[in-house]
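Below is one structure, written out as structure tokens; the observations come after it.
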Amino acid sequence: MTKREWLFLLPAIIWAITVAILMLLPSDSFAESKLLSYDKLAHLGVFGLLSFLFMVGVHRHKYFSGTRMRQWFMPTIICVLYSTSLELLQNFSPGRSVDFYDFIANVASTIFGVIVFYIFKKNNLVISKLIL
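Numbering (full-length UniProt numbering), first residue to last: 1 to 132.
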């Protein structure tokens, strides 16, 4: 595995670290919003982007080339497990708690990001120039 191959995953890794920091901050660090769906829309953006970036990195990385399992299902499962872990860890952060609906939003957002990537890939849209 070359150093250059890991660069394809770098945007996803940086975003994953950013997401972890934001999700584990105490709840009083954020201003409250009166918009009811604001929280779930945030999950859509955060985990949709994470899975999209991860899919871009995976499809350019030699380790994941070959089987559909490695290219599509493993990254999706990894993103779902990551979002679930962060949701569970929120229980240990002041003012935060585990929310089943956040878990559902995280999974749906991950799948949304994978579908967006699939649409980009199927239509031969230039993904590599968007990221690297």
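Heads up, the beta-carbon is just placed ideally off N, CA and C, and yes, glycines get one too.
| query | Quick one: any contact between the segment 108 to 121 and the segment 87 to 98, if contact means 3 or more CB pairs under 8 Å? | reply | no
| Excluding the five sequence neighbours on either side, which residues of its own chain have a C-beta within less than 7 Å of the C-beta of Phe103, listed in chain order? | Thr84, Glu87
| field | Reduced DSSP secondary structure (H/G/I, E/B, other) of Thr18 | value | helix
| query | According to DSSP, is Tyr118 helix, strand or coil? | reply | helix
| Which stretch, first to last residue, makes up the alpha helix (DSSP H) that contains Met74? | 74 to 89
| Pro26 classed as buried or exposed, judged by whether at least 16 other C-beta atoms fall within 10 angstroms | exposed
| task | Grab me the residues of Val80's own chain with a C-beta within less than 8 Å of its C-beta, minus the 5 sequence neighbours each way, in chain order. | result | Asn106, Val107, Thr110
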